[in-house]
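Going left to right, the sequence shown walks through residues 8 to 457 as this note's numbering numbers them.
Where a beta carbon is used, it is the ideal one built from N, C-alpha and C, also for glycine.
Notes follow the structure.
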Amino acid sequence: MTTLDFYLNDVWKKTLDGVYSSRQISESMFNDYLLSTRLTSLDDEYAYILCPTYIHFTIVDQYREVVEFYLEQVLGKHLLLKIQQQSLLDAQKETVTPVPSFANRFIRTDFSDQYSFTNFVVGRSNAQAQVASLAVAVNPGLVYNPLFIYGNSGLGKTHLLLAIGNKIREVFPAKKIAYISGPDFVEGVYHSIKEKKIEEFKLSFQELDVLLIDDIQFIAGKEKTHEVFFSVFNDLVNNRKQICLTADRTPSQIKGLEDRIISRFNQGLNVNIEAPEYETCVKILETKISNNIQNPNISEDVISYIATNFNKDVRQLEGALTRLLFYAINFAPEKEIITLDVAVAAFQDTNLKDSSKEITIERIKRAVGDYYGLTVNQLNSKTRTKNIAMARHIAMYLCRKMLDAPYKDIGVSFGNRDHSTVINACDKVEKNMKGSAVYQQVLRDLESRI
Ligand code: ADP
Ligand code: MG
């Protein structure tokens, strides 16, 4: 799944959570119809929703207004729904659309244009990374190659990476630019071996002028992936084609990365992004507020309150702002200015002190759900769809490992399941971990997020 997909899933999940909590649709309708829809893209006017069949289409259409309302709460702007049916699209595809080339399943040239340098707020915590990224964007292949941006999750690495891509697209429209995430690279190698298309996969990188690779840490521990990556990397850099990478730590700190790759990464420039300090948090909030089309009026002490309590990363800051606006619009609409008492009420369920430290089953579910673009409801549900079941197993395993919670309690909290189901899930995860370094990495990543 690409970062854009994660973003769209996250937006859609929050929207559906809102629709669900509004109680305007029955639980069974919600579970049976709305949960099987997806947000596939956004533009200035429309949000494109994909649903499986005509029946889903009619039901979603019926709830169009409430969905649009909650989508607006999440995005901060009003978009109309364009609902598409998978069954119709499939039929059209068979007749007109050519099948995309093998590698295009993994490499994206149509990455989002909403991340730019203009909407990236610069402060002490990210200034080095921003300056280096801009330098690369206006001199691709000529200054720092590769550019390696590292830092914890939610601090703006993907934003900068795509800002580089978008700037290059603007300044050098003829250059071919592509984006791929670490997990997609691993998948690409895996499938190209399986389908005997490894040369085709490698060749598709050779045509590029700029390659953006997000979360490269995911290739760690994969021998065949290393080999392919090393060859792709050398071909591009030796031909003065630009490579930019992100990771959650420095090259040398990525366990299971081959030395020859670490040394290639160190040949370019490594820059760090740190957690935003107070002033940067305030600046980011002010920018997001002034760009918000609802044009909210928020008092200074509220901004300071959010910057002090939700400053772990930028994603958390954004989430807090969304929650505040959602609360203010729905529950304090008479107020012309959002004051501290509104903010305190908006966040009263989030136990601020504990929320940054205490790990709970709910917290684990939310983190795993966010990671896979699923709702907590989906994790609790009886759905056995492969990806939902896998995420559910992982969440159960983490509850056991991180909380040492009794199997019985875990089962109850996941939709009243039997303790033996939880034991099976934990066994399955342990077995998968033994067989796959990527899987281990995913679990480590999740634990650090929780
Ligand atoms: P990462 O890739 O490091 O996990 P992202 O790039 O996905 O983080 O950033 C998380 C969210 O925070 C995105 O919505 C991004 O636009 C926003 N963001 C991060 N840093 C900044 C910044 N300096 N200015 C404005 N928005 C930012
Ligand atoms: Mg990212």
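Euclidean distance between Cα positions of residue i and residue j
i	j	result
Q249	L243	7 Å
F109	E194	12 Å
K262	F76	45 Å
R162	N298	The amino acid at residue 162 is misidentified as Arg; the sequence shows Leu. Distance between the alpha carbons of L162 and N298 is about 19 Å.
S259	N241	19 Å
I395	F155	33 Å
F179	T65	44 Å
F118	P413	44 Å
H85	A170	24 Å
Y14	K21	11 Å
A339	L332	10 Å
T390	S199	30 Å
Q447	Q69	43 Å
S35	I223	41 Å
M440	L264	18 Å
F208	E202	11 Å
E234	E437	27 Å
I184	L381	30 Å
V67	L141	43 Å
T125	N431	49 Å
D97	H63	16 Å
T116	K231	25 Å
K393	F127	37 Å
Y27	F37	7 Å
E206	N245	19 Å
Close Cβ partners of residue i (< 7 Å) along its chain, the five nearest in sequence each way excluded
i	result
K229	V193, A444 and V445
H426	Y414, K415 and G418
R131	E284 and T287
K2	In the structure as shown, the chain starts at 8 and stops at 457, and residue 2 therefore has no counterpart that could be examined.
D191	T9 and F113
From the options, residue whose alpha carbon lies closest to that of residue i
i	options	result
V349	G25, L381, T287 and V309	V309
G148	L347, L215, K231 and W19	L215
S123	R176, I114 and L86	R176
K164	G326, R399, T428 and A282	A282
P303	I344, V18 and N431	I344
V73	G380, E365 and L87	L87
I291	E454, D320, M36 and I200	D320
Q355	N316, I371 and R399	N316
V429	I269, F225 and I401	I401
N273	I313, Y151 and T287	Y151
L82	K89, D17 and V128	D17
L167	S270, V67 and L252	L252
G172	D221, V128 and V449	D221
K204	N384, N111 and S455	N111
L95	F127, A136 and Y61	Y61
I226	A254, N246, D411 and S311	A254
L11	R247, N318 and Q121	Q121
L23	R399, E52, R271 and R71	R71
Residue j beta carbon less than 8 Å from that of residue i
i	j	result
G25	P153	no
V217	K182	yes
I114	S211	yes
Y157	T257	yes
F421	M403	yes
W19	L46	yes
Q80	C58	no
V278	A144	no
S48	Y55	yes
T9	S188	yes
C433	R407	yes
I197	L219	Per the sequence presented here, residue 197 reads as Tyr, with Ile not at that position. No.
I313	N133	no
V129	Q135	no
Sequence-distant residues of the same chain with beta carbon closer than 6 Å to residue i, five excluded per side
i	result
Y334	A353
L347	D308 and V309
Q31	V73
Close Cβ partners of residue i (< 8 Å) along its chain, the five nearest in sequence each way excluded
i	result
G442	none
S33	none
I457	I366, R370, I371, A374, L405 and M409
R267	F237
S3	Within the shown structure, residues of the chain are numbered from 8 to 457, placing residue 3 beyond reach of any answer.
**Asked** Quick one: complete alpha helix (DSSP H) runs, 4+ long, within the segment 347-398?
**Response** 347-353, 359-362, 368-379 and 383-387
**Asked** Unbroken alpha helix (DSSP H) runs of length 4 or more, entirely within the segment 300-332: which are they?
**Response** 307-316
**Runs of alpha helix (DSSP H) lying entirely within the segment 79-165, each at least 4 residues, in chain order** = 93-102 and 134-145
**Residue ranges of each alpha helix (DSSP H) within the segment 23-55, 4 or longer** = 34-39
**Request:** Enumerate, from N- to C-terminal direction, the unbroken beta strand (DSSP E) stretches of 3 or more residues contained entirely within the segment 231-285.
**Result:** 249-254 and 276-279
**Message:** Ignoring anything shorter than 3 residues, give me the beta strand (DSSP E) runs that lie fully in the segment 418-443, in order along the chain.
**Reply:** none
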